[in-house]
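Student: Just dropping this structure here.
Number of protein chains: 2
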Amino acid sequence: MDKKNKMITSRDDDFAKWYTDIVKAAKLADYSSVKGCIVIEPNGYAIWERMQEILDKKFKQLGHVNCQMPLLIPENMLKKEGELVEGFAPEVAWVTQGGEKELDERLCIRPTSETLFCDYYQSHVKSYRDLPKLYNQWCNVLRWEHETRPFLRSREFLWQEGHTIHASSKEAEEETKQMMDVYRWFFHEILAIPSINGRKTEKEKFAGAEYTLTNEALMYNGVALQAGTSHYFGQKFAEAYDVKFMNKDNKEEYAYQTSWGTTTRMIGALIMVHSDDYGLVLPPRIAPKQIVIIPIGNDEKVIDKCENIKKELLENNIIAYIDNTEKSPGFKFAEAEVNGIPVRIEIGARDLENSKITFARRDTREKIIEDLSIDIVKYTKELLDEIQNNLYNKAVQRRDKLTFTATNLKEMEDILNTQPGFIHADWCGDTDCELKIKEIKGCKSRCITDEALITGKCVCCGNDAKHHVIWGIQY
Amino acid sequence: MDKKNKMITSRDDDFAKWYTDIVKAAKLADYSSVKGCIVIEPNGYAIWERMQEILDKKFKQLGHVNCQMPLLIPENMLKKEGELVEGFAPEVAWVTQGGEKELDERLCIRPTSETLFCDYYQSHVKSYRDLPKLYNQWCNVLRWEHETRPFLRSREFLWQEGHTIHASSKEAEEETKQMMDVYRWFFHEILAIPSINGRKTEKEKFAGAEYTLTNEALMYNGVALQAGTSHYFGQKFAEAYDVKFMNKDNKEEYAYQTSWGTTTRMIGALIMVHSDDYGLVLPPRIAPKQIVIIPIGNDEKVIDKCENIKKELLENNIIAYIDNTEKSPGFKFAEAEVNGIPVRIEIGARDLENSKITFARRDTREKIIEDLSIDIVKYTKELLDEIQNNLYNKAVQRRDKLTFTATNLKEMEDILNTQPGFIHADWCGDTDCELKIKEIKGCKSRCITDEALITGKCVCCGNDAKHHVIWGIQY
C-alpha cells in the first residue's frame, strides 16, 4: 500500500501532468470526441451533485428560487448591453441553421444569462411590490475557449448563476456581498479551501458590471484560481434592457441588479488543493461517499458486522457503503485510495476474534486499530471532522507559505521566477501599471482587499498607491 | 371563493386556451423572446425539481449513476447510425461558428445523446467485466420544432436520458422493461395518472431502435400524450459505433444497449389530467408545497398556532408553509387555489376561541371544519392520501369514459369525429393501414398491447389481424 500509484505522475515533478493523471485515475472526467468539451464521469458528477445539494439548500434558505431560461440568445438581444457583448462576443458559439433552414437571425449559445433575465424582468417587474426577485438557475453554458483543461477551462461547463433584481442599490449591494459570503463559507467550511475575498479591478471585473467581488483560492503549485464571483450591476443592465418599476414615491425608476456564479471548476480546485501522488483526496463534507467498509474474506459473521456498521452509520447521516465486489482486498484498498474516500474501514475474521477494527485515513494514509466496542458513530464523526480540519489547516499552511509581499517590480519578478503564489503589493489604480505587471509571466491582479497599504507606493510606478492588491498567476 | 378565476378560460369551452391560461395563471412558464423556447418559472421548475428528486432516487436504487455528456455533437459522429440521423437531421440546430471563426465541421446541439454515449462506450468497454454500465443524465436537449406549446412541445426542453450497455440481449431487454415499469409506477403512484404501457409500431418507434416501449396517458380532452419511452437497441448502435467487448468465452462481441427518457412535458400532463377552471391541481405526492397555512388576522396567538402546526407537519415530512405576506386572506386563498396547493389550512382568533381549524381541499374545493384537538399530522397525512387517491380515481374514470372500441374504419371515424380518446382496435401489422388510419384527424397508433384481439380482423383492411392496438390523436 505504500507504493505510489503508477498511473499518477508525481505532483512535484510535473504538476500539470499530475492533475490530468488524477482526473483520469479517479475517473472524474474524460476527454470527448467533441473538441474542447469533456465527459463528466460518474465519480466527478457525484461531487458536482453534492456541491449542488449543499449550495442549493443555502440559496433557498436565503429566499432564492430556481428557474430555467432558454439555452439560446438572439444576436439582437445580446447586443443591447455594449460592454457585455464586447466582453463575450469573441467567445460565443453561434447557431445559424435550424432544421434544414438558414436562420434569419443567428442565435448564440448562452455564455451567461444576464440578457435573458433582463428580457424576462422587463415584462414581469412593474412595481416595487414585485421586488426583490431572487432567482437562480443550474445549467450549462458555453464559451469558445482555445486552450482547455478538464474542469478548469472547457468550452462547455456546468454552473449555477444567481440573478436578482431589487428596488434599491443598498439592497442589491447587500445581496452582492451576501452571496460572496456564501461562497466564502462554502469554500472554507465545505471544500476546506482557505480562499480570499475581495474586489476585482476595473480591468478584471465582469463585462458590464459596476463591480465584481471574487473568491480566489491558491492551488498547491501556487497558481491562483478564481472560484466564484458576485457582480453588482447597478442600473446599467436595467437601462439597456428597459427594466423599470414604479417606486414607493410613484415614480418610474430603473431597477438594481446582481448576478453571482460558481462552476464545475470547483472540482478542479478540490484536486489541486488537497490531492496527492496517491490519487484524489476529498474533504469529508464534500465527499459523495465518506466511508468505505471492506470485509476481508467471506466469513458470514464479518459480512454481518460490516452490514451492521453500514446501517448504523447511514442512520446517522454518514455516507457509508460496503465494497462487496469480487476484487481482492488489496485492489479495493487501492481503488478507495485513488478515488479519495476519506475513511476506509477494514474488518476480517481474525479482527472479530480479537475484537479489533481498522480505520485508514485517506488524508494522512495512517492506519488506526481500535477496539470493536467503541461507539462507532461518535468515533467516525470525530474522525471525519478531524480529517476535514486537517485538510483545511494543511491548505492554510501551504497558502501562507506561498504568500509573499513585494514593494517593487524586481521583487515581484524574483518571486514569480522562483515560486508563484499570492503576492501582496500596493497599486496606484492605473491600468497601465496592471498591464506592465502582467508582462511578468502573465501575473494579474487577483483582487483589491481591505487590508492596509504596505508602503503606500505603487509596486510598479512608485507613485502614491490607492489599493492593497493581491496578485498572482491564474488558471 | 366560488367565482371562477377570471384569468382562466373554461376547460370545456376552449381546452387549448384553458391550458395556456393555467400555465400563465399558475406562473409555471412564460414565452420568451427566443422563438419556440420557454422560460420555466419558479412554480413550474419546482415541480420539475420534485420529479427529478423522486425519479433520481429510484434510478439510483436500481444501480444507475449520473454523468454528463457534451451538449454538442460533431456532424460526422451523428451520421454514423443511418436511421438515427435520418430521424433527427431535419430537426436539429447547427452551430457553424465558434468565436469569430467559421467551423470546419458543423456541430449540432444534442437532440438526444445515444451517439455521445456510444463514442464514450467505445473507449471504456473492453470486457464483460466492465458490463453492465448503467448511466443517466439530467440535461437540456433541442429539437427544431415548428409548432410549440409550453411544456408539451418546445424547441429546448429538459429531460433525463438513461443509457445502459450490457453483455447480453436478455439483460438489456430486462432493463428496457424495468425502466418502463419505473415510469408506469411514477405515473400511477406519484402523478396519479393512469397511463397504459405497450410497444410502439415499427413506424412510431425511436429512430434506430429494435423496439420502443411507451407510456401513454390520456388527457382530459381525450388527446393522448406519450410521456416516457424506453428503447431496446440490440447491437445496432454498437455495430455503427464499434462498441465491442470480450465475452466470457473470450470472443469479441458487440454490446447490447438501451435508452429511456422522460421530460418536462410531464408537467403538461399534470395540468391536462387534473387541473380545472379554478387553476392548477397537483396530486400531493408531486406538489412542491403540500400545505399552505393561512392565519386570519394578526393575532399573536394565531400566528404562534400556525407556526406550531407548520413545525409539526415539517417534522413529519409534510411540506407545509405559512403565507405571512401582507395580502388579504381572500387574495391568499385565491392564490393557493390557482397554484394548486393540495390543502389550505385556515385559522383565525375566533377559531382558536372555539377550538376550530378549517381545511380546504383543492381537489374537491370542499371546506372541512375540525376540532383543534385532532392529531394534525395523522389527519393531514390521511387527507393528502385521500386527495391523491381521489385524483387518480377521477382520472381513471375519465380515461375509461373516453376509451372506445372500433371494429372498422367507419366506427373509428365516428368516434374521432365525436370525441377523441383511446380507441382499441385490431390491426394487421401493415404500415399502409396505419397511414390510412392517420388520415382520420391524424390518428396514430399509441401502442401495441398484450390484450387479446377483439375481432381478429384488421380495423382498416379487414384482413387477419396480428396485434391489438390502442389508437388516438396525440399531442
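Protein chains in written order, with numbering that gives the first Met the number 0: chain D, 0 to 474; chain A, 0 to 474. Built from N, CA and C at the ideal position, the CB exists for glycine as well.
#1: Give a yes or no on contact between the region 24-38 of chain D and the region 336-344 of chain D, applying the rule of three or more CB pairs nearer than 8 angstroms.
#2: Between Asn323 of chain A and chain D, is the shortest Cβ-Cβ distance under 9 angstroms, so that the two count as touching?
#3: On the criterion of 16 or more Cβ atoms from any shown chain inside 10 Å, does Ser229 of chain A qualify as buried, or is it exposed?
#4: Can you find a C-beta in chain D that's less than 9 angstroms from the C-beta of Met0 of chain A?
#5: How would you list, in chain order, the residues of chain D whose beta-carbon sits under 7 angstroms from the beta-carbon of Met245 of chain A?
#6: Helix, strand or coil: which one does DSSP assign to Lys16 of chain D?
#7: Quick check for students: name the residue ranges of the alpha helix (DSSP H) that lie wholly in the region 147-224 of chain D, counting only runs of 4 or more.
#8: For Leu151 of chain A, collect the residues of the same chain with a Cβ closer than 6 angstroms to its Cβ; drop the 5 residues on either side in sequence, then sort them by chain order.
#9: Nearest CA to the CA of Leu312 of chain A: which residue from A:Ile292, A:Lys300, A:Lys16 and A:Asn4?
#10: Strictly below 7 angstroms CB to CB, what residues from chain D border Ile39 of chain A?
#11: Anything in the region 93-116 of chain D with a Cβ closer than 8 angstroms to a Cβ of chain A? List those residues in chain order, please.
#12: Who does Glu140 of chain A pair with in a DSSP beta bridge?
#13: Lys435 of chain A lies in the beta strand (DSSP E); which residues open and close that run?
#14: Kindly list, in the order they appear in chain A, the residues whose Cβ is closer than 8 angstroms to that of Trp143 of chain D.
#15: Rounded to the nearest angstrom, how far is the Cβ of Arg105 of chain D from that of Leu70 of chain D, given a contact under 8 angstroms?
#16: Under 9 angstroms between C-beta atoms, does Asn139 of chain A make it to chain D?
#17: If you check the beta carbons only, do Ile295 of chain A and Ile356 of chain A fall under 9 angstroms apart?
#18: In the DSSP assignment, find the beta strand (DSSP E) that holds Val94 of chain D and state where it starts and stops.
#19: Rounded to a whole number of angstroms, what is the C-alpha to C-alpha distance between Thr175 of chain A and Leu54 of chain A?
#20: How many angstroms separate the CA atom of Met0 of chain D from the CA atom of Asp275 of chain D?
#21: Given that a residue counts as buried once 16 or more other Cβ atoms are within 10 Å of its Cβ, and exposed if not, what is Arg198 of chain A?
#22: How far does the beta strand (DSSP E) with Tyr474 of chain D in it extend, from its first residue to its last?
#23: Buried or exposed for Gly471 of chain A, please, with buried defined as at least 16 other CB atoms from any protein chain shown within 10 angstroms of its CB.
#24: Is Pro69 of chain A helix, strand or coil when you go by DSSP?
#25: Can you tell me whether DSSP reads Lys26 of chain A as helix, strand or coil?
#26: Could you pull out every unbroken alpha helix (DSSP H) segment of at least 4 residues lying fully inside the region 389-453 of chain A, listed in chain order?
#27: I'd like to know whether the C-beta of Cys36 of chain D is nearer than 9 angstroms to at least one C-beta of chain A.
#28: Which residue from D:Arg49, D:Val94 and D:Asp370 puts its Cα closest to that of Gly98 of chain A?
#29: Given that a residue counts as buried once 16 or more other Cβ atoms are within 10 Å of its Cβ, and exposed if not, what is Trp184 of chain A?
#30: Can you check whether the CB of Gln136 of chain A is closer than 9 angstroms to the CB of Glu113 of chain A?
#31: I'd like the list of long-range same chain contacts for Gly441 of chain D, defined as Cβ closer than 7 angstroms, with 5 residues on each side in sequence excluded.
#32: Short of 6 angstroms in beta carbon distance, which residues of its chain neighbour Arg142 of chain A, apart from the five on each side in sequence? Order them along the chain.
#33: How is Arg360 of chain A classed by DSSP in three states: helix, strand or coil?
#34: Run the CB neighbour count on His145 of chain A, radius 10 Å, all protein chains shown included, and call it buried at 16 or more, exposed below.
#35: Tell me, to the nearest whole angstrom, how far the beta carbon of Gly86 of chain D is from that of Gly207 of chain D; I am working on the premise that it is less than 8 angstroms.
Tutor: Straight from the coordinates:
#1: yes
#2: In the second sequence, residue 323 of chain A corresponds to position 324, counting from 1. False, the Cβ-Cβ gap to chain D never drops below 9 angstroms.
#3: Stepping through the second sequence from its first residue, residue 229 of chain A is reached at position 230. With 16 or more other Cβ atoms within 10 Å, it is buried.
#4: What you label residue 0 of chain A is simply residue 1 of the second sequence in a count that begins at 1. Any answer about Met0 of chain A is weak, because its pLDDT of 45 lies below 50 and its placement is not dependable; what the coordinates show is given next. No, because no Cβ of chain D sits closer than 9 angstroms to the Cβ of Met0 of chain A.
#5: Looking up residue 245 of chain A in the second sequence gives position 246. None at all; the shortest Cβ gap to chain D is about 17 angstroms.
#6: Residue mapping note: residue 16 of chain D aligns to position 17 of the first sequence, counting from 1. DSSP places Lys16 of chain D in helix when its eight states are reduced to three.
#7: 168-184
#8: Here residue 151 of chain A refers to the residue found at position 152 when the second sequence is read from its first residue. The answer, listed in chain order, is Arg264, Gly267 and Tyr474.
#9: Walking along the second sequence from the start, residue 312 of chain A turns up at place 313. The option with the nearest alpha carbon to Leu312 of chain A is A:Ile292.
#10: Working through the second sequence from its first residue, we reach residue 39 of chain A at position 40. Ordered by position in chain D, the residues that pass the 7 angstroms Cβ test against Ile39 of chain A are Cys66 and Gln67.
#11: Trp93, Val94, Thr95, Gln96, Gly97, Gly98, Glu99, Arg105, Leu106, Ile108 and Leu115
#12: Counting from one through the second sequence, the residue named residue 140 of chain A turns up at place 141. In the sequence as presented, Glu is not what sits at residue 140 of chain A; that position holds Val. Answer by DSSP bridge pairing, in chain order: A:Phe156.
#13: To locate residue 435 of chain A, count along the second sequence from 1; it is residue 436. It is not in any beta strand (DSSP E) - Lys435 of chain A instead sits in the alpha helix (DSSP H) that spans Thr430 to Lys437.
#14: Start at 1 with the first residue of the first sequence, and residue 143 of chain D comes out as number 144. The contacting residues are Gly97 and Gly98.
#15: Within the first sequence, numbered from 1, the residue matching residue 105 of chain D stands at position 106. Within the first sequence, numbered from 1, the residue matching residue 70 of chain D stands at position 71. About 14 angstroms; that fails the 8 angstroms criterion.
#16: For the purposes of this step, residue 139 of chain A is taken as residue 140 along the second sequence, with counting starting at 1. Yes, its Cβ sits closer than 9 angstroms to a Cβ of chain D.
#17: Taking the second sequence and counting its residues from 1, the one referred to as residue 295 of chain A is at position 296. Taking the second sequence and counting its residues from 1, the one referred to as residue 356 of chain A is at position 357. It is not a contact, given that the beta carbons lie outside the stated cut-off.
#18: Here residue 94 of chain D refers to the residue found at position 95 of the first sequence. Unbroken beta strand (DSSP E) run through Val94 of chain D: Ala92 to Gly97.
#19: Position 176 of the second sequence holds residue 175 of chain A. Position 55 of the second sequence holds residue 54 of chain A. One C-alpha to the other measures close to 16 angstroms.
#20: As a first step, residue 0 of chain D is located in the first sequence; it is residue number 1 there, counting from the start. As a first step, residue 275 of chain D is located in the first sequence; it is residue number 276 there, counting from the start. Low confidence applies to Met0 of chain D: its pLDDT is 45, below 50, so where it sits in the model is not reliable, and the reading given next is rough at best. About 14 angstroms.
#21: Residue mapping note: residue 198 of chain A aligns to position 199 of the second sequence, counting from 1. Looking at its Cβ environment, which holds 16 or more other Cβ atoms inside 10 Å, Arg198 of chain A is buried.
#22: Locating residue 474 of chain D in the first sequence gives position 475, counting from the first residue. That residue, Tyr474 of chain D, is in no beta strand (DSSP E); it is neither H nor E in DSSP.
#23: Indexing the second sequence from 1 puts residue 471 of chain A at position 472. Gly471 of chain A is buried by the Cβ-count criterion.
#24: Position 70 of the second sequence, counted from the start, is the residue given in the question as residue 69 of chain A. Three-state DSSP puts Pro69 of chain A in coil, outside helix and strand.
#25: Stepping through the second sequence from its first residue, residue 26 of chain A is reached at position 27. If DSSP states are grouped into helix, strand and coil, Lys26 of chain A belongs with coil.
#26: 408-417 and 430-437
#27: On the first sequence, residue 36 of chain D is found 37 positions in, with the first residue counted as 1. Cys36 of chain D counts as touching chain A.
#28: Residue 98 of chain A sits at position 99 when you count from the first residue of the second sequence. Nearest C-alpha to Gly98 of chain A: D:Val94.
#29: Counted from its first residue, the second sequence places residue 184 of chain A at position 185. It counts as exposed.
#30: Start at 1 with the first residue of the second sequence, and residue 113 of chain A comes out as number 114. Start at 1 with the first residue of the second sequence, and residue 136 of chain A comes out as number 137. No, they are not a contact pair.
#31: Walking along the first sequence from the start, residue 441 of chain D turns up at place 442. Taken in chain order, the residues that qualify are Ile472.
#32: One-based indexing of the second sequence puts residue 142 of chain A at position 143. Result list for Arg142 of chain A: Glu90 and Pro110, in chain order.
#33: Indexing the second sequence from 1 puts residue 360 of chain A at position 361. Strand, per DSSP.
#34: On the second sequence, residue 145 of chain A is found 146 positions in, with the first residue counted as 1. Per the 10 Å Cβ criterion, exposed.
#35: Counted from its first residue, the first sequence places residue 86 of chain D at position 87. Counted from its first residue, the first sequence places residue 207 of chain D at position 208. That belief holds up - the Cβ atoms of Gly86 of chain D and Gly207 of chain D are roughly 7 angstroms apart, short of 8 angstroms.
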